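Down below is the structure, laid out as structure tokens.
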Amino acid sequence: MQYNHIEIENKWQKFWAENQTFKASNKSDKPKYYVLDMFPYPSGAGLHVGHPLGYIASDIYARYKRHKGFNVLHPQGYDSFGLPAEQYAIQTGQHPAKTTEENIATYRRQLDTIGFSFDWSREVRTSSTEYYKWTQWIFIQLFNSWYNKDSDKAEDISSLISTFKKEGNRTINAEVGEDVKSFSSEEWKIFSKREQEEILLQYRLTFLSDTQVNWCPELGTVLANDEIVNGVSERGGHPVIRKKMTQWSMRISAYAQRLLDGLEKIDWPQPLKDSQTNWIGRSQGAMVSFDVDGSTSSENLEVKMSYKDLEALKEVRLNLSKAEAILWDELKNKKGVSKFRKKYTIGPFLVDYVCLAKHMIVEFSGKEDEIERTNFFAKKGFNVLRFTNEEAIENILEVVSKINNALQFPSPLKTEKGVEKIANITHKIDVFTTRPDTIFGVSFMTLAPEHELVSKIVTAAQKEEVDAYIKATAKRSERDRMADVKTISGVFTGAYALHPFTREKVQIWIGDYVLANYGTGAVMAVPCGDQRDYDFAKHFNIPIPNIFKGVDISESAHVDKDGTVIANSDFLSGLKYEKALKLAIFELEKRGVGYGKINYRLRDAVFSRQRYWGEPFPVYYKDGMPQMIAEKHLPIVLPEVEKYLPTEDGKPPLGNAKEWAWDSRGKKVVSNEKLKNKTVYPLELNTMPGWAGSSWYFNRYMDASNSEQFASKESLEYWKEVDLYIGGSEHATGHLLYARFWQKFLFDKGIVPVDEFAKKLINQGMILGTSAFVFKATPFIKSDCFTAHASEGILQKIPTVIVSKNLFNSEEEFEVLVKNYLVDKGFLNQDNADSIMIVKSVVHADVSLVNASDDLDVDGFRNHPLNQDYKNAEFILEDGVYKVAREVEKMSKSKYNVVNPDAICEEYGADALRLFEMFLGPLEQAKPWKTSGISGVSSFLKKLWKLYFNGETLEVSDSEPTKEELKTLHKTIKKVEEDIENFSFNTSVSTFMIAVNELTILKCNKRQILEPLAILVSPYAPHIAEELWSLLGNKTSISTADFPIFNPKYLLESSKNYPISFNGKMRFTLELSLDLSKEEIEKTVLENEKTIAQLAGRLPKKVIVVPGKIVNIVG
RNA sequence: GCUCAAGUGGCGGAAUUGGUAGACGCGCUGGAUUCAAAAUCCAGUUCUUUCGGGAGUGUGGGUUCGAUUCCCACCUUGAGUACCA
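Residue numbering for the first sequence is 1095 to 2209, as defined by the numbering used here.
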């Protein structure tokens, strides 16, 4: 019987669908295993051979795990909201739901053809109402939550409100926006409802705010940072500008540290982790305050500390009294600006605790010099709180509450002379620096042109110039500013800042190399240690003090930290980077001019899109304040609109909807006409971004049809997390970061049981296309020979000439060849030949017209619908064929190198496609596709089939297998098992080929070999395996069979073919018994005549014998 | 610029802890079968050679009895990222 892949594959695909073979149960005695693919966006172009690569790998793993006795969840779905469908809708007026539906049908058909073991009963689509109901629900959960930094997790907003009622917001340590005002419980109670809502909005994990957004005018929407590549939109490459808009944001920054820490416990590829780490951008350094000159400086009372003193302090910190320890337990958990230090020196005094950012000292009373201390601290701008030991031990809670209160409500500073205004400082410039060790190298400061202080500090003399500069920068788009990094520009403000240590005056400049939205929008410039500062200083002739010992900075800044010794830096002189850094921060904190700080690059994520084809927000606006629609009224269904474009007055597309108002009485969406009614309110016009639906879909698969809940508690508890997640690395800083964020939030709220959703992740590499090119000759009239009409006629006679690849080595040869051809064929007069020139150009040829030997189907090319221009082209062949040039490029329609899997399945079968995709190379690696290679796996399948047959009839013997047959089988079991566990799928395909080749030579047709062999092959080539399995008389699907068990006894050998090397080079092999001892091996080898010949009389210096491995003779 | 990954025949790639470099497949060459083609089967295929050998895993060094594998420097390619202070 012939191997008929079409018949077999149709038969088994139908069988699996009818019998729901791969339907996973949420209850099982077997251990669970969850294998997930990144679900596709169903684009109009359908799948090309690159798309299924990851799905095939995960399918092999899923099928393998089933053979290994696991209850496997292997679902699939569609990320079906998104831009392309909407752009198509704008162009054609087709409803995106319709095109999406059609595209999904194509995808489903293509996926089914490849024979995946997906559990389709759990399919999800992010654009279906049953699904996005729960996306809306999660949005509401985020709205109703705030981030408590003391417990380091998200909590319900109700706990915040009850604290506000009891104590105001002074005891709250939350992740919030920048300008939150402090208030007491009394004040909270008298705030209006609206004021209360405004305050709460600042605390919520999703919040409305006026933010600078990336606005893309062409697309008419805002884009997230990860949707912009090189200053233009990722989709379409349109320019992006910055614009202030009221937008929903997600407070992902609250999770920055946890997103970083979580990377440690997940098995994800290092490059992916690196790019997330990069994106989060944690940098450790210090905040430093510079006073603007014109303020009265406080006298300098510092006592300098050496590094030794600093080390000695560590000792003191370890030995705390009981009261001290109790209080420290309470204080140490405070984070961020309320962070406390213990046993700290402020000037000459050692204080018990200090919060540097808030200038608050907490001490135990009873110290001898209390009055003196209080005065000194007050001069330095510190408030002091004192408690007795008893208070701390007996009523720690009250002590803590007093401290919290004082932190929020600092009392005016007091000295013995009564109330005195200590600081007369008009302005301060805060900067963030990662190099506080270089602080003595500061020679100027630079503010971003947008910095709020600029207008306040600029001198009258400089005002005009500064204003002009600010105007000029504002005009330039973000993209211009980014593209142009070489031009140095800036203006002196005329104002000076005071160096926090030396009190020397340093100039304050503005310059556009400082970005307003990173750090504080201001930098302390250290020209000797930072190249940008250096260039700026050179350009404007600002001094460049050198603070590095023995380093030449005449040409460029010295950026190296390692091994550099600091000089000319007062107390830092003579120290290396690490020590100088610590001591600098220590001194900054001691003098109250700065503190150690961790900064993150990760910004809060903008969550509003001005698009139609996305999830609507479950939000309406009452008096301008957002209100959530109750869970029981979800989903809020996307309304119908006539046009998918923004409205004429610039509102998002949903502004076109006629029925888009919320009736708060009737609890339903009603016509906009009813907005006149008092109880009807406008609904949100923005929609959610693409990443909303994909940030939690892996949880939905666990209980996909649940209409009561996001997913049932039991199913979430059972499946917990994805065990293996396969997808592309392009989602590193988008989907994979946002999904981790939502998972952590859902975990905080007790909705999901784990805070990382995927234990292991593999990035499959891209499959590249092998483009084919032909060489086209284009004739031109040489300019000096141009004699008007006559020449025109020459060109018209000349047909397009296309030249085979190996006929020329240079442009000159090409030209000569073409001219000769044209003359020979009579297209060109010899006389005219000199007046034209021939230019070579390359043209893509459709890869389906080229065979494995790079021969082009010339007629096919002429008649190809995309090659209308070449219908009458002349081809210059070599040896009767046309050879194309090949190049590896990304697969794309425009390069005519896209290979469709449908055609492959049709011609070679799905099993061949699956095997070949795996055989191409390591899963994670990018690799080129060449269809010709598929004949290898195709003939392998035919050989495999033949093993079970004798001519037309199935012939399998029940007799005992031979030793060799068993050896082949068990070798294969071992290797395939190891390969799958290591995701090295390419090598197991080779292993199958070797096994089949060996068994063919052995003429093996034993059931005891061929039955387990079918199981081994089945994860890779499931259709042929099912067919052979059933032909062998089995009644159930092969997917339920146990994986064969490897038995090492069949691989035991009695002898080994030893490689005999001389000085490490293998010269010949020698068959020796494995029972021989080291000495016996050495003796036998040295006596061998080939050894004697190799040595040619020399005496071996040394003989290395590794029994079972190698013999190496040195000499 | 910075970070990461990778360089092995004509091509895709193999060599899991340092131990016979080039498995397996494509392509190519020759042969069998065939009227012919497709398909199938057999043999060969890193380079070089005076047919004894010799050289060889991006380049140059190092460690080792022995290095594709470990270390150092450099070159090339790919990916990510960037006035991030």
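Every residue gets a Cβ at the ideal spot worked out from N, C-alpha and C, and that includes glycine. Treat the numbers as computed from the prediction; the structure is a model and nothing was measured.
Would DSSP call residue i helix, strand or coil?
{"i": "Arg1597", "result": "coil"}
{"i": "Glu1546", "result": "coil"}
{"i": "Ile1516", "result": "Only weak support exists for where Ile1516 lies, its pLDDT of 41 falling under 50; the value from the coordinates is given anyway. DSSP places Ile1516 in coil when its eight states are reduced to three."}
{"i": "Asn1945", "result": "coil"}
{"i": "Met2087", "result": "helix"}
{"i": "Thr1390", "result": "With a pLDDT of only 40 at Thr1390, under the threshold of 50, the placement of this residue in the model should not be trusted; the figure read from the coordinates follows. In the structure shown, Thr1390 sits in coil (DSSP, three-state: anything other than H, G, I, E or B)."}
{"i": "Thr1894", "result": "coil"}
{"i": "Glu1101", "result": "helix"}
{"i": "Gly1690", "result": "strand"}
{"i": "Gly1954", "result": "helix"}
{"i": "Cys1310", "result": "strand"}
{"i": "Trp1707", "result": "coil"}
{"i": "Glu1264", "result": "It is worth fixing the name first, because residue 1264 is Arg in this sequence and not Glu. Reduced to three states, the DSSP call for Arg1264 is coil."}
{"i": "Asp1250", "result": "strand"}
{"i": "Asn2099", "result": "coil"}
{"i": "Thr1553", "result": "coil"}
{"i": "Lys1473", "result": "helix"}
{"i": "Ala1616", "result": "strand"}
{"i": "Arg1480", "result": "strand"}
Using DSSP bridges, identify the partner residues of residue i.
{"i": "Cys1449", "result": "Met1454"}
{"i": "Tyr2152", "result": "Leu2164"}
{"i": "Trp2023", "result": "Gly1863"}
{"i": "Lys1977", "result": "Asp1949"}
{"i": "Ala2242", "result": "A question about residue 2242 goes unanswered here, because the residues of the chain that appear run from 1095 up to 2209."}
{"i": "Met1719", "result": "Lys1716"}
{"i": "Met1339", "result": "Thr1305"}
Taking the alpha helix (DSSP H) that residue i falls in, what are its first and last residues?
{"i": "His2117", "result": "2116-2125"}
{"i": "Ala1751", "result": "Counting along the chain, Ala1751 falls outside any alpha helix (DSSP H), and DSSP gives it neither H nor E."}
{"i": "Ser1122", "result": "Here Ser1122 belongs to no alpha helix (DSSP H), and DSSP marks it neither H nor E."}
{"i": "Glu1672", "result": "1671-1684"}
{"i": "Met1931", "result": "Careful: Met1931 lies outside any alpha helix (DSSP H), inside the beta strand (DSSP E) at 1930-1939."}
{"i": "Ile1234", "result": "1223-1237"}
{"i": "Glu1972", "result": "Counting along the chain, Glu1972 falls outside any alpha helix (DSSP H), and DSSP gives it neither H nor E."}
Beta-carbon within less than 8 Å of residue i's beta-carbon, same chain only, minus the 5 sequence neighbours each way: which residues are those?
{"i": "Met1539", "result": "Phe1384, Ile1523, Val1525, Ala1591, Val1600, Gln1601, Ile1602, Trp1603, Ala1616, Val1617, Met1618, Ala1619"}
{"i": "Ser2073", "result": "Here residue 2073 turns out to be Asp, not Ser, going by the sequence shown. Counting only Cβ-Cβ distances below 8 Å, and skipping sequence neighbours, we find Phe2079, Thr2081, Ser2082, Thr2085."}
{"i": "Val1936", "result": "Phe1867, Val1868, Phe1869, Lys1870, Ala1979"}
Within its chain, find whatever has a CB closer than 7 Å to the CB of residue i; leave out the 5 residues flanking it on each side and keep chain order.
{"i": "Gln1188", "result": "Tyr1182"}
{"i": "Glu1101", "result": "none"}
{"i": "Leu1728", "result": "Lys1227, Gln1230, Trp1231, Pro1712"}
{"i": "Leu1666", "result": "Asp1531, Phe1534, Ile1660, Ala1674, Leu1677, Ala1678"}
{"i": "Phe1586", "result": "Gln1556, Gln1601, Trp1603"}
{"i": "Val1445", "result": "Tyr1438, Ile1455, Glu1457"}
{"i": "Lys1716", "result": "Tyr1775"}
Among residues of its own chain, excluding the 5 on either side of residue i, which ones have a beta-carbon nearer than 6 Å to its beta-carbon?
{"i": "Thr1509", "result": "Low local confidence applies: a pLDDT of 46 at Thr1509 is under 50, so the model's placement there is unreliable, with the coordinate-based value given in what follows. These residues qualify, in order along the chain: Asn1469, Ala1472."}
{"i": "Ser1278", "result": "Gly1262"}
{"i": "Val2199", "result": "Lys2172, Ile2175, Glu2176, Val2205"}
Along the beta strand (DSSP E) that carries residue i, what are the first and last residues, could you check?
{"i": "Phe1526", "result": "1522-1527"}
{"i": "Ile1998", "result": "Taken as a continuous stretch (DSSP letters only), Ile1998 belongs to no beta strand (DSSP E), being part of the alpha helix (DSSP H) at 1995-2001."}
{"i": "Tyr1297", "result": "Where Tyr1297 is concerned, there is no enclosing beta strand (DSSP E), although the alpha helix (DSSP H) it sits in stretches over 1287-1297."}
{"i": "Gln1858", "result": "Counting along the chain, Gln1858 falls outside any beta strand (DSSP E), and DSSP gives it neither H nor E."}
Exercise for review: Could you tell me whether the region 1746-1753 touches the region 1243-1259, using the rule of 3 or more Cβ pairs below 8 Å?
Suggested key: no
**Study point:** Touch test, the region 2124-2135 against the region 2053-2069, Cβ-Cβ under 8 Å, three pairs minimum
**Key:** Under the Cβ criterion (8 Å, minimum of three pairs), the region 2124-2135 does not count as touching the region 2053-2069.
Review point. Would the region 1847-1856 and the region 1348-1365 be scored as touching if the rule is three or more Cβ pairs under 8 Å?
Key: yes
Check your understanding: Do the region 1422-1438 and the region 1617-1637 meet, that is, are 3 or more Cβ pairs less than 8 Å apart?
Key -> no
Practice item. Check whether the region 1808-1819 touches the region 1718-1737, counting contact only when three or more Cβ pairs, one atom from each stretch, lie closer than 8 Å. Key: no
Check your understanding: Touch check for the region 1100-1117 and the region 1782-1792: three-plus C-beta pairs under 8 Å?
Key -> Contact fails: fewer than three Cβ-Cβ distances are below 8 Å.
Check your understanding: Does the region 1981-1991 come within contact of the region 1860-1871, defined as at least 3 CB pairs closer than 8 Å?
Key -> yes
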